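In full-length UniProt numbering, the protein residues as written are 1 to 454. Quick reminder that beta carbons are idealized off the backbone N, C-alpha and C, glycines included. Every value quoted in this text rests on a predicted model; they were computed, and no experiment measured them. Quick notes on the structure that follows.
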Amino acid sequence: MKKDYICVFDCETIPDVAALVRVLDEDAIADCFEPFDKKSFAKLLDAQLSQKIGGEKQNASLNFAVNSAEQNFKIENSEQNSALQSFTQQDVALQSFASENSAENPTHGNFTSENSMSQNTAPKNSALLNLTYDDTSPQSSAAQGAAVENSTLRSSAPQNFAAESFASRSSASQSSKSENLALNSAQDPASNALNFKIYGEQPIFNADKSKILNHKLLSLRAMEIFKEKTGSEFLPVCFHRVVSISAVMADGFGRFLRVSTLDGENERDKIAKFLAFIEDFNPRLVSFNGRGFDLPMIMARAMCYDLSAAAYFETNDRDNNKSKWENYRSRYDGRFHLDLLDHISDFGAVRGLKLDHVCASVGLPGKYDVHGDQVLQLYYSGEQAKIDEYCRSDVLNTYWLFLKYELLRGKITKDDYLNYIAVMGEFLQKECAGMSYTPVFCDFIERELAAYAK
């Protein structure tokens, strides 16, 4: 029987230049093409090759760190390790993180898997910075029967969402350096090398091959054109490309497990893993405007790569309790996909709600640093790690808003709510200490717990 998971997800995107260049008027985008120099392009190819070589060295170094992590946590599951060969080294590191060994590290077990201890209990000392909670208090009604075998969480698919363990943070740092290799070369006046992100991994030329398309300029120009025509620079879903998918993973009751970013070498890889996760684990999806943007956009991009999303479209699957009225695409029940924007706005009765505004109104952190309209600039500046971090902050906000909505509906108790945010805060402090969102969220969590403690 499949374990129940709640996946609070979000995507970050950039304009799909390859599609836009086919539909926009040639004269309108003529100034997005720049003179093409073959010598500079040769240096671009050399920079890309150097990046690949650097990535291989990075993986070799990371293998050593992962092996050390596996020894420290004493993971002895050959079948599991074999299944993980199809995933990245970050996932192997997460496997170490997710495995339970309470004798060696009882704290990690609290974040990543259920155990025999109580889970849905109220904070014991909510005003303290350490955000502790009482493991000995009786379980609330929502938690009855929640305990499962320790090995359940060791399955590989949900761990595609790589946790913020030390190994994954190290990988992200090294990956960021590798991604910036071509960019740094392009910024060096002596090299005159092209930035492969600006000009694309598959460059687009004009008719006589004398000019090359600047992808960033085309993206900005496309948004201007759509704003002139529609009043909004936000492009239709078919003109987006996925650059990041992040999620908060929770158990079936809503108890926080981890926040992470789906790892992948490219857009196709990330989307394929996300669809495989739905196929394998039948999770309950939670989003903010996921029905209006994220999921239709993901499906449109999946068609570009001829990927299958059969589980998403199923409407007659008794094994997974899917029916004509209850499935991932049904709007009103929220059993398989709860779109908070839809439900909070009473299915469109209220217009213009934004996640940041709703968060501000209910006392959640909201957007504190990066905003969605900055993702394009971050991407073409080679700051993928910053995009992923921003995406994770969005799903943390969405998860907390989800808890408040479930409390409003009577689906969880106040004790559950306090326990879940306390667990989230403790996880962030221990596993995401270097992330910019951690002090922000922990401060809000501390204040929320202190308010209930009075």
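| Can you tell me whether DSSP reads threonine 413 as helix, strand or coil? | The sequence position of residue 413 within the sequence shown is 413, counting from 1. DSSP places threonine 413 in coil when its eight states are reduced to three.
| task | Counting only the same chain and skipping the five closest in sequence on each side, list residues whose C-beta sits under 7 Å from that of tyrosine 380. | result | In the sequence shown, counting from the first residue as 1, residue 380 sits at position 380. For tyrosine 380, where only same-chain residues beyond five positions count, the Cβ hits under 7 Å are Lys197, Ile198, Lys216.
| glutamate 224 to glycine 292, Cα distance in whole Å? | Residue numbering aside, residue 224 sits at position 224 when the sequence shown is read from its first letter. Residue numbering aside, residue 292 sits at position 292 when the sequence shown is read from its first letter. Distance between the alpha carbons of glutamate 224 and glycine 292: 22 Å.
| query | Span of the beta strand (DSSP E) holding leucine 342? | reply | Counting from 1 along the sequence shown, the entry for residue 342 is found at position 342. Before going on, a small fix: residue 342 reads as aspartate here, not leucine. No beta strand (DSSP E) contains aspartate 342, which is instead part of the alpha helix (DSSP H) from 340-344.
| Assuming tyrosine 328 and tyrosine 312 make a contact with CB atoms under 8 Å, what is their CB distance in whole Å? | Residue 328 sits at position 328 when you count from the first residue of the sequence shown. Residue 312 sits at position 312 when you count from the first residue of the sequence shown. Correct: roughly 5 Å between the Cβ atoms.
| query | Hey, is the stretch 230-250 in contact with the stretch 377-392, meaning 3+ C-beta pairs nearer than 8 Å? | reply | Short answer: they touch.
| field | Euclidean distance between Cα positions of glutamate 228 and valine 350 | value | Along the sequence shown, read from residue 1 onward, the residue named residue 228 stands at position 228. Along the sequence shown, read from residue 1 onward, the residue named residue 350 stands at position 350. One Cα belongs to glutamate 228, the other to valine 350, and the distance between them is close to 26 Å.
| said: Using only the alpha-carbon positions, how far apart do arginine 22 and tyrosine 420 sit? | reply: Stepping through the sequence shown from its first residue, residue 22 is reached at position 22. Stepping through the sequence shown from its first residue, residue 420 is reached at position 420. Their backbone Cα atoms lie some 48 Å apart in a straight line.
| task | Can you say whether phenylalanine 205 is buried or exposed, counting buried as having 16 or more other CB atoms within 10 angstroms of its CB? | result | For the purposes of this step, residue 205 is taken as residue 205 along the sequence shown, with counting starting at 1. Flag for phenylalanine 205 reads exposed.
| said: Runs of 4 residues minimum, wholly inside the stretch 247-309: which ones carry the alpha helix (DSSP H) assignment? | reply: Runs of the alpha helix (DSSP H) lying entirely within the stretch 247-309, each at least 4 residues long, are 267-281, 295-304 in chain order.
| Straight-line Cα distance separating leucine 401 from glycine 372 | Within the sequence shown, residue 372 is the residue found at index 372, counting from 1. Within the sequence shown, residue 401 is the residue found at index 401, counting from 1. C-alpha separation (whole angstroms): 18 Å.
| said: In the DSSP output, which residue or residues are listed as bridge partners for lysine 317? | reply: By one-based count along the sequence shown, residue 317 stands at place 317. Here the sequence assigns aspartate to residue 317, which means lysine is not the residue at that position. The partner list for aspartate 317 (beta bridge, DSSP) reads Lys322.
| message | Considering just the uninterrupted stretch of the alpha helix (DSSP H) at glutamate 448, what are its terminal residues? | response | Your numbering for residue 448 matches position 448 in the sequence shown. Per DSSP, glutamate 448 belongs to the alpha helix (DSSP H) from 437-453.
| Cα separation between aspartate 333 and cysteine 11? | Working through the sequence shown from its first residue, we reach residue 333 at position 333. Working through the sequence shown from its first residue, we reach residue 11 at position 11. Roughly 23 Å separates the two Cα atoms.
| Which stretch, first to last residue, makes up the beta strand (DSSP E) that contains lysine 211? | In the sequence shown, the residue the question calls residue 211 occupies position 211. Where lysine 211 is concerned, the enclosing beta strand (DSSP E) stretches over 211-213.
| said: For valine 8, report the span of its beta strand (DSSP E) as first-last. | reply: The residue labelled residue 8 in the question sits at position 8 within the sequence shown. Where valine 8 is concerned, the enclosing beta strand (DSSP E) stretches over 5-15.
| message | Taking 9 Å as the threshold (C-beta atoms), are valine 423 and alanine 256 in contact? | response | By 1-based counting over the sequence shown, the position of residue 256 is 256. By 1-based counting over the sequence shown, the position of residue 423 is 423. For clarity, residue 256 is phenylalanine in the given sequence; the question names alanine instead. Yes.
| query | Mind checking whether leucine 275 and alanine 302 have CB atoms under 9 Å apart? | reply | Here the question's residue 275 lines up with position 275 in the sequence shown. Here the question's residue 302 lines up with position 302 in the sequence shown. In contact: leucine 275 and alanine 302 (Cβ atoms closer than 9 Å).
| Hey, leucine 449 and leucine 418 are a contact pair by Cβ (cut 8 Å); roughly how many whole angstroms apart? | Reading the sequence shown from its first residue, position 449 is the one you call residue 449. Reading the sequence shown from its first residue, position 418 is the one you call residue 418. Confirmed, about 6 Å.
| said: Just to check my reading of the structure: phenylalanine 444 and proline 365 have Cβ atoms closer than 8 Å, yes? What is that Cβ distance to the nearest angstrom? | reply: For the purposes of this step, residue 444 is identified with residue 444 of the sequence shown, where counting begins at 1. For the purposes of this step, residue 365 is identified with residue 365 of the sequence shown, where counting begins at 1. That pair is a contact at about 5 Å.
| task | Go ahead and pull the three-state DSSP assignment for phenylalanine 205. | result | Taking the first residue of the sequence shown as 1, we reach residue 205 at position 205. Residue state, collapsed to three classes: strand.
| query | Does DSSP put phenylalanine 33 in a helix, in a strand, or in coil? | reply | Along the sequence shown, read from residue 1 onward, the residue named residue 33 stands at position 33. Residue state, collapsed to three classes: strand.
| Per-residue DSSP class, three states only, for arginine 241 | Taking the first residue of the sequence shown as 1, we reach residue 241 at position 241. Strand at arginine 241.
| query | Taking the C-alpha atoms as reference points, what is the distance between arginine 331 and histidine 337? | reply | As a working note, residue 331 is residue 331 in the sequence shown. As a working note, residue 337 is residue 337 in the sequence shown. Taking the straight line joining both Cα atoms gives about 8 Å.
| message | Using the three-state DSSP reduction, which class does histidine 371 fall into: helix, strand or coil? | response | For the purposes of this step, residue 371 is identified with residue 371 of the sequence shown, where counting begins at 1. The answer is coil: DSSP assigns histidine 371 none of H, G, I, E or B.
| Roughly how many angstroms lie between the CA atoms of leucine 218 and methionine 297, to the nearest whole one? | Here the question's residue 218 lines up with position 218 in the sequence shown. Here the question's residue 297 lines up with position 297 in the sequence shown. Cα to Cα, the separation comes out at about 20 Å.
| said: For alanine 207 and leucine 403, what's the separation of their Cα atoms in angstroms? | reply: Position 207 of the sequence shown holds residue 207. Position 403 of the sequence shown holds residue 403. Roughly 55 Å separates the two Cα atoms.
| task | Leaving aside the five residues before and after glutamate 406 along the sequence, list all residues of the same chain whose C-beta is less than 7 Å from its C-beta, in chain order. | result | For the purposes of this step, residue 406 is taken as the residue at position 406 of the sequence shown. Contacts found: Gly254, Ile412.
| query | With 16 other CB atoms within 10 Å as the buried threshold, where does glycine 363 fall? | reply | To locate residue 363, count along the sequence shown from 1; it is residue 363. Per the 10 Å Cβ criterion, exposed.
| field | Chain-order list of residues whose beta-carbon lies under 7 Å from that of alanine 360 (same chain, five-residue window excluded) | value | Taking the first residue of the sequence shown as 1, we reach residue 360 at position 360. Only Gly366 meet the Cβ criterion.
| Since threonine 398 and leucine 355 are thought to touch, with beta carbons under 8 Å apart, how far apart are those beta carbons, to the nearest angstrom? | The count along the sequence shown starts at 1 and reaches residue 398 at position 398. The count along the sequence shown starts at 1 and reaches residue 355 at position 355. About 7 Å; that satisfies the 8 Å criterion.
| 8 Å CB neighbourhood of cysteine 209 in its chain, flanking five on each side removed | Taking the sequence shown and counting its residues from 1, the one referred to as residue 209 is at position 209. For the record, residue 209 in the displayed sequence is lysine; it is not cysteine. Excluding residues within five positions, the ones whose Cβ falls inside 8 Å are Phe36.
| said: Considering just the uninterrupted stretch of the alpha helix (DSSP H) at valine 362, what are its terminal residues? | reply: Stepping through the sequence shown from its first residue, residue 362 is reached at position 362. Per DSSP, valine 362 belongs to the alpha helix (DSSP H) from 355-362.
| request: State yes or no: is the C-beta of valine 358 within less than 9 Å of the C-beta of threonine 13? | output: In the sequence shown, counting from the first residue as 1, residue 358 sits at position 358. In the sequence shown, counting from the first residue as 1, residue 13 sits at position 13. Contact: no.
| Assumed close pair residue 457, aspartate 369 - CB separation to whole angstroms, cut-off 8 Å | In the structure as shown, the chain begins at 1 and stops at 454. Residue 457 is therefore absent and cannot be evaluated.
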